[in-house]
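Engineer: Residue numbering for the sequence shown follows our numbering, starting at 5 and increasing by one per position.
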Amino acid sequence: MDTLMWEAKAAEGRGAELLRWVLDEVRRLADPQVRTEVFIAGERVVVIAVGEAAPRRLPDPPEALVERPPHAWPFTRVHLPT
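Right, dumping it as structure tokens:
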């Protein structure tokens, strides 16, 4: 597996704090061989990390920031034939 998709839903009114926490964690875990992107949609934060050294999951955020435990899915990238 070379790709991680991680998603967390913020507790009500805590979206900005959750996003700050995620950005801090992504910076702390940064690996130049892993492309990491962060997305938001409403109260949800999604991280997609792609690369051979992609983490299996991110640390769990503080419980007060999330409505429920985050979900994480490992994927294997499929290259389109040319």
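The beta carbon of each residue, even a glycine, is placed where N, CA and C say it ideally should be.
1) Pro29 and Leu8: beta carbons closer than 7 Å?
2) For Glu47, collect the residues of the same chain with a Cβ closer than 6 Å to its Cβ; drop the 5 residues on either side in sequence, then sort them by chain order.
3) Put Ala58 into one of helix, strand or coil per three-state DSSP.
4) Look up Arg39 in the DSSP assignment and give the residues it is bridged to.
5) So what does Val70 bridge to, in DSSP terms?
Structural biologist: Looking at the coordinates:
1) Per the sequence shown, the amino acid found at residue 29 is Glu instead of Pro. Contact: no.
2) When the five nearest sequence neighbours on each side are left out, the beta carbons in the same chain lying within less than 6 Å of the beta carbon of Glu47 are those of Lys13, Ala14, Gly19, in order along the chain.
3) coil
4) Val54
5) Ala14
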